[in-house]
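Okay, so here's the structure we're looking at.
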Amino acid sequence: LAIMTCAPRALTLSIVTIASFVVIGKIFIELSYIGIVPPEIGISYPIARGEMGFIRESCGAAVYRIDSKTSLAMSKSGINYLPKVSQARWFTDRYYTFGPWLPTPQKELIGDDNTILGPGLGCANIDNDLREQIEQASRVTGSYYTYGDEKVLLIIPALRIVVLSYDG
Numbered sequence: 007l008a009i010m011t012c013a014p015r016a017l018t019l020s021i022v023t024i025a026s027f028v029v030i031g032k033i034f035i036e037l038s039y040i041g042i043v044p045p046e047i048g049i050s051y052p053i054a055r056g057e058m059g060f061i062r063e064s065c066g067a068a069v070y071r072i073d074s075k076t077s078l079a080m081s082k083s084g085i086n087y088l089p090k091v092s093q094a095r096w097f098t099d100r101y102y103t104f105g106p107w108l109p110t111p112q113k114e115l116i117g118d119d120n121t122i123l124g125p126g127l128g129c130a131n132i133d134n135d136l137r138e139q140i141e142q143a144s145r146v147t148g149s150y151y152t153y154g155d156e157k158v159l160l161i162i163p164a165l166r167i168v169v170l171s172y173d174g
């Protein structure tokens, strides 16, 4: 009888432990992506994230709602709100530095099927409607983007989102 009582407890403890590691891992990954977005861009909450690959080499995208303070500042100042060169929120080495912010669309991609978000957005398993809204916004005026090593940030003020696309 004692063995039968211990077995369900041990199984329950094992399941809870594994679930805890999974949840902690997901939180760590989400915080890592948020940490790449410069601190000048306030984030309210995650909207979508998807990727392909494994640990060192992967591609994907993370989409976040920008907070009302950032949205208001962008509506007043546009691209002038954004710094010339941005550093990631939680990472200080050069790999997490972004170049100057530019307005959409990128002239080289006008009339092309590609977007400034490159293969990263294509790798992300995110809602097709959201993907189409992001791609459309990257092809018209009104949004802003910057490149970093193996990544692109796109702010779409009209949708109140920032998109981190990465490949590498």
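Following the working numbering, the numbering of the sequence shown begins with 7 at its first residue and continues without gaps.
Backbone N, C-alpha and C define an ideal beta-carbon position, used for all residues, glycine too.
Given residue i as reference, the closest of the options once Cα atoms are compared
i    : options             : result
S92  : P111, A143, I42     : I42
S83  : A16, L160, G148     : G148
I49  : V168, G174, V158    : V168
P109 : C65, S38, I21, T152 : T152
R6   : G124, I30, I21      : In this structure the chain extends from 7 to 174, so residue 6 is not present and cannot be described.
Y3   : Y150, L17, P44      : Any question about residue 3 goes unanswered here, given that the chain covers just 7 to 174.
D4   : D155, E141, P111    : As shown, the chain starts at 7 and ends at 174. That puts residue 4 outside it, with no answer to give.
I122 : S74, T23, I21, W107 : W107
F104 : L17, I21, E46       : E46
F97  : S38, L17, I24       : S38
6 angstroms CB neighbourhood of residue i in its chain, flanking five on each side removed
i    : result
M80  : Y87, P163
K157 : Y172
Y51  : R71
E141 : T121
Rounded C-alpha distance that separates residue i from residue j
i    : j    : result
A8   : L19  : With a pLDDT of 49 at A8, under the threshold of 50, the modelled position of this residue cannot be trusted, and the question is left open.
L170 : S26  : 27 angstroms
R55  : A67  : 6 angstroms
I161 : S77  : 10 angstroms
L127 : A143 : 13 angstroms
P89  : L159 : 13 angstroms
R15  : I30  : 22 angstroms
Q139 : K75  : 23 angstroms
I24  : I35  : 17 angstroms
Y150 : L17  : 51 angstroms
A73  : I40  : The residue asked about is misnamed: residue 73 is Asp in this sequence, not Ala. The alpha-carbon atoms of D73 and I40 are separated by roughly 13 angstroms.
V22  : Q112 : 48 angstroms
G174 : G59  : 9 angstroms
Expected contact under 8 angstroms - CB spacing of residue i and residue j to nearest Å
i    : j   : result
R166 : R95 : No, R166 and R95 are not in contact; Cβ-Cβ is about 18 angstroms, not under 8 angstroms.
A130 : E57 : 6 angstroms
Own chain residues within Cβ distance below 8 angstroms of residue i, not counting five before or after
i    : result
I53  : V69, Y70, R71, L136, I167
D133 : A54
Sequence-distant residues of the same chain with beta carbon closer than 7 angstroms to residue i, five excluded per side
i   : result
I85 : W107, P109, Y150
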